[in-house]
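Residue numbers (our numbering): 984 to 1285.
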């Protein structure tokens, strides 16, 4: 079902139901309702296209998601609990997030990325996340929105089992700036220490870096912790070592190499430099614009 902005969303739209609706209305098809629905949603353009043989409440729930900009089909598939959660519960989640400074216009993207939030428990799951932001990351209340928009997955991460262990591990490695972790690299906090962070560091050590050098690389380029070993590190390192005949020292000085596309940036630039018989340092070869790179190779600068 396509999304629309034809009707402005308001949380109250999610909780108005007909007074004659049976308590078990989730199981009753909408065609049994003869009274005009007491909801502004029935006037929405998306109301009629929805399937006739679904309950009024479920239909209303779908429209609430769609009006917010959430793909209801995808959300229901990724979070089956949405099938049975009440509209009151969804409204409570929305109201809670708004009380933390999240804007209505943010909700579609946040719920779309993490539909599990819609069935989270406010007391035991959502509130602890904001306490973590406040007390552990020192994020002021007025900046919650910026952090959550940067990484909505924070809201579906366990503080005890995920966020605090990741923060502790990263601080042990040398990540000192709480500000950077909160506003620039919060994705590191929702990454598994055992399954994601440690294996990336171990891979760098396995290709010849000392542990100290590997740690220094991720501190300079935290994005290394987000790259796939199989789809990023291995093919790019193999090309660097075999085709570019580069040294580990070059990578240690410029770990950002792994952030560039192998097919769209690294290979074309390397081939062009070889054709011109020019040896360029990695930063110059990859960071320059096309015009700057062409000029460098034309002049034979290295």
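For each residue, glycine too, the CB sits at the ideal point set by N, CA and C.
{"Item": "Based on Cα-Cα distance, which residue from 1087, 1200, 1160 lies nearest to residue 1239?", "Value": "1200"}
{"Item": "Residue 1137 and residue 1172 look like a contact to me (Cβ under 8 Å); what is the Cβ gap, rounded to whole Å?", "Value": "7 Å"}
{"Item": "Only counting the same chain, and skipping five residues up and downstream in sequence, which positions put a Cβ closer than 8 Å to that of residue 1007?", "Value": "With a pLDDT of only 42 at residue 1007, under 50, the local geometry of the prediction cannot be trusted, and the value read off the model is given with reservation. If we look at residue 1007 and ignore the five residues flanking it on each side, it has no Cβ neighbours."}
{"Item": "Using the C-alpha atoms, what's the distance from residue 1213 back to residue 1119?", "Value": "33 Å"}
{"Item": "Give me, in chain order, the residues of the same chain whose beta-carbon lies closer than 7 Å to that of residue 1216; leave out the 5 immediate sequence neighbours on both sides.", "Value": "1186, 1210, 1241"}
{"Item": "Distance check for residue 1218 and residue 1230, CA to CA, integer angstroms please.", "Value": "16 Å"}
{"Item": "Buried or exposed for residue 1237, going by 16 or more other Cβ atoms inside 10 Å?", "Value": "buried"}
{"Item": "Give the range of the alpha helix (DSSP H) segment to which residue 1227 is assigned.", "Value": "Taken as a continuous stretch (DSSP letters only), residue 1227 belongs to no alpha helix (DSSP H), as it is neither H nor E."}
{"Item": "On the criterion of 16 or more Cβ atoms from any shown chain inside 10 Å, does residue 1097 qualify as buried, or is it exposed?", "Value": "buried"}
{"Item": "Look at the alpha carbon of residue 1276 and the alpha carbon of residue 1126, and state the distance between them as a whole number of angstroms.", "Value": "40 Å"}
{"Item": "Please state if the CB of residue 1139 and the CB of residue 1103 are separated by a distance shorter than 8 Å.", "Value": "yes"}
{"Item": "I'd like to know whether the C-beta atoms of residue 1259 and residue 1280 end up nearer to each other than 8 Å.", "Value": "yes"}
{"Item": "Alpha carbon to alpha carbon, what distance is there between residue 1184 and residue 1106?", "Value": "36 Å"}
{"Item": "Please identify the residue among 1085, 1077, 1198 whose C-alpha is closest to the C-alpha of residue 1132.", "Value": "1085"}
{"Item": "Can you look up residue 1086 in the DSSP assignment and give me helix, strand or coil?", "Value": "coil"}
{"Item": "Straight-line CA distance for residue 1080 to residue 1196?", "Value": "41 Å"}
{"Item": "Report, in whole angstroms, the separation of the C-beta atoms of residue 1263 and residue 1249, which I expect to be a contact under 8 Å.", "Value": "About 12 Å; that fails the 8 Å criterion."}
{"Item": "Return helix, strand or coil for residue 1276, following the three-state DSSP convention.", "Value": "helix"}
{"Item": "If residue 1148 and residue 1176 are in contact, beta carbons under 8 Å, what's the gap, nearest whole angstrom?", "Value": "5 Å"}
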